[in-house]
Structure formats: C-alpha cells, structure tokens
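Down below is the structure, laid out as structure tokens.
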Amino acid sequence: MRMKAILSLTPWLKVLIGAACVVVIALIASDMTSENTIARLENEAKAAIERQGGTGIVADFRTDQGWPTRHPELSGGETLDDDTRRRVARAVAAVRGVGGVHWAKGSRPPVETVETVEPGPYHCQRDVEALLAVRVIRFAQSSAKIEDDSDLLLDEVAEALKPCRGSIIAVAGHSDSVGDAQVNLRLSRERADAVRDALVERGLPRASLRAEGYGSARPVEGLDPTDPANRRIEFSVISIAPQVPTPVDTPDAG
1 MRMKAILSLT PWLKVLIGAA CVVVIALIAS DMTSENTIAR LENEAKAAIE
51 RQGGTGIVAD FRTDQGWPTR HPELSGGETL DDDTRRRVAR AVAAVRGVGG
101 VHWAKGSRPP VETVETVEPG PYHCQRDVEA LLAVRVIRFA QSSAKIEDDS
151 DLLLDEVAEA LKPCRGSIIA VAGHSDSVGD AQVNLRLSRE RADAVRDALV
201 ERGLPRASLR AEGYGSARPV EGLDPTDPAN RRIEFSVISI APQVPTPVDT
251 PDAG
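Residue 19 in full-length UniProt numbering sits at position 19 of the sequence shown, with consecutive numbering throughout.
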C-alpha cells in the first residue's frame, strides 16, 4: 500500500522530493569539504608556526560560535620577541587558502618596525598593502556587512590613505569562482561600496574613492580561481595628486 502511494505521487511532487534530497546531499558534502579544508589549514599553519620558531602560538580556525573560518585568530607566545611574532603572522597568512590573520583580543600584537620611506602620497599604497599582507577586511557570510573586528584595520587603512587625499583611489572587490558568476560580481561590488563608505566615515573624501567589483575575473596570481583566498578587497592609487598647501598651511618665512 505504501509503495502504491509513492508511485501515485504527481510528477511535480516527485521532482520536488528529488530536489530536496539533492540539496541535503549537497549540504552534507559541503560541510565535509569545509571541515577537510579547515583541517588542512590547521596542519599547514601549525607547520608554518613551528618553522618560524613560534613556540606557544596557536592558530584557531574557528569563530567564537564554533564555525570554521579561513581567518585564523593567533594567540599565545607572549614571551616571544616582536620580530618572531611578525614572522609567524606572515607565515600563517601566506598559507594557501588563508584569508588573513588577526591576534586574539587581549593578546599582545607585535609592534611593527618603522621603515624610512618617502613622504607624501607616493608611499600610501605600499603602506596599505603592508597592512593587508597579514590581515583582511572581513565580511559576514554572503553579505556586504563588514565584521566589527575589522574596524581597527579600517581605521589603519584610512590613516595610511590620508596622505593620498586629493588623489583617485580605487577600491576593488574580488571573489572566487564558486557559485553563480553574477551573484559573485554583485557581491564584490557591494563589498567594495561598503569599504568605500567606511573610509568616507573615517574622513576620506568620497569624490576621491572609486569602488568597483570584478567578481572572479581577476584571481590572485598562482591561485586556482575557486580558491577562497581570492575573496578580497584591494586598493590602488590610480592618479596621484599631492595636496596643495593652503595659505593657512604654508609655513611662514619668519
């Protein structure tokens, strides 16, 4: 009787049940793939930490809610010197698939060394690239909402770009090639817009910021287009125009 009931189902209902089964299987496979990826990242990050002499430093690839993440939180190794802690952070960030690293709240981040560079707008892009070499601007899953823990990084990016005030600065959003191309393109644009708005809130003129999204069209060199590390925000100074001092700013001849 039960078999007859199943066979008597209307065709559209059979299709609906079949589709639901496919979705369930896909979700299970996706979860397994995610766990496998995190396991690989954990192993490679641990090896990278050991190679840099980062005794006591741990890379946690889980959010506070227990979800897997490509943005590990570093903690421990408080007695290590700043140079070692910097090397460890950069080594973990260089692991393929890692989206960026950050130090745990309450942990002592290493003091960055100060390099002698030319003044003015000519070094601001390099300064921003240095900031983003070990950290990334983080967004909520499948959203253009910037995570709260990226506020400090955005503060630092804004400060680094202020010498370029008056120049044209491109804010570019990128994605990997997983999923629908048009959805990825739209999300990359929305994320670039969100970062531009955040920089405007921090004092940069909106007229000098050009936000654009490229979807998966420009993957990181050397990475597979499907690699999650392709999801990123990049900055470039496309037209340098040093600030012209106003009469108030111009030093008096004395």
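Note that beta-carbon positions come from the ideal geometry of N, C-alpha and C, so glycine has one too.
(message) Please return the same chain residues whose Cβ sits closer than 8 Å to the Cβ of residue 223, not counting the five positions on each side in sequence.
(response) Answer for residue 223: 96, 229, 230, listed in chain order.
(message) Going by DSSP in three states, residue 82 sits in which element: helix, strand or coil?
(response) Note: residue 82 maps to helix in three-state DSSP.
(request) Starting from residue 255, trace the beta strand (DSSP E) both ways and give me its first and last residue. (result) The chain is shown only over 1 to 254; residue 255 falls outside these bounds and no answer can be derived.
(request) For residue 215, verify whether its CB is less than 7 Å away from any heavy atom of the ligand FAD. (result) The model on display carries no ligand, and the ligand FAD is accordingly not part of it.
(request) Compare the Cα-Cα distances from residue 206 to each of 234, 168, 187 and report the closest residue. (result) Measuring from the Cα of residue 206, the nearest candidate turns out to be 168.
(request) Just confirm the distance between the C-beta atoms of residue 52 and residue 79, as a whole number of angstroms; I'd bet it's less than 8 Å. (result) Taking C-beta atoms under 8 Å as the contact rule, residue 52 and residue 79 fail to qualify, at a distance of about 15 Å.
(message) For residue 238 and residue 177, I'd like the C-alpha separation in whole angstroms.
(response) Roughly 26 Å between the two C-alpha positions.
(request) Return the Cβ separation of residue 165 and residue 150 in integer angstroms, given the expectation that the two are a contact with Cβ distance under 8 Å. (result) Rounded to the nearest angstrom, the Cβ distance from residue 165 to residue 150 is 22 Å, too far for a contact under 8 Å.
(request) Leaving aside the five residues before and after residue 30 along the sequence, list all residues of the same chain whose C-beta is less than 6 Å from its C-beta, in chain order. (result) Any answer about residue 30 is weak, because its pLDDT of 40 lies below 50 and its placement is not dependable; what the coordinates show is given next. Answer for residue 30: no residue qualifies.
(message) If the criterion is Cβ atoms closer than 8 Å, does the pair residue 136 and residue 235 meet it?
(response) No, they are not a contact pair.
(request) Would you mind listing the beta strand (DSSP E) stretches within the UniProt domain "OmpA-like" (126 to 241) that are 3+ residues and don't spill past its ends, in chain order? (result) Runs found: 168 to 174, 209 to 213, 232 to 239.
(message) What residue range does the beta strand (DSSP E) around residue 70 cover?
(response) Looking at the DSSP string, the run of the beta strand (DSSP E) that includes residue 70 is 68 to 75.
(request) Indicate the three-state DSSP secondary structure (helix, strand or coil) for residue 27 in the structure shown. (result) For residue 27, the predicted structure reports a pLDDT of 40, less than 50, and the residue's modelled location is therefore unreliable. A value from the coordinates is still provided. In this structure, residue 27 counts as helix in the three-state DSSP scheme.
(request) Keeping to the same chain, check which residues put their C-beta closer than 6 Å to that of residue 211; ignore five residues upstream and five downstream. (result) Excluding its 5 nearest sequence neighbours in each direction, residue 211 has C-beta neighbours in its own chain below 6 Å: 171, 192, 193, 196, listed in chain order.
(request) Identify, in the order they occur along the chain, each residue of the same chain with its Cβ nearer than 7 Å to the Cβ of residue 232, setting aside the five sequence neighbours on each side. (result) Within the same chain, and ignoring the five residues on either side of residue 232 in sequence, the residues whose Cβ sits closer than 7 Å to its Cβ are 136, 174.
(request) Could you tell me whether the Cβ atoms of residue 45 and residue 92 are closer together than 8 Å? (result) In this structure, residue 45 lies near residue 92, with their beta-carbon atoms less than 8 Å apart.
(request) Can you give me the Cβ contacts of residue 104 inside the same chain, cut-off strictly under 6 Å, excluding the 5 residues immediately before and after it? (result) Apart from the 5 residues on each side of it in sequence, residue 104 sits with its Cβ closer than 6 Å to the Cβ of 73, 75 in its chain, given in chain order.
(message) For a quick check, are the C-beta atoms of residue 61 and residue 69 less than 8 Å apart?
(response) Contact: yes.
(request) Identify, in the order they occur along the chain, each residue of the same chain with its Cβ nearer than 6 Å to the Cβ of residue 203, setting aside the five sequence neighbours on each side. (result) So the list is empty, once near-sequence residues are dropped.
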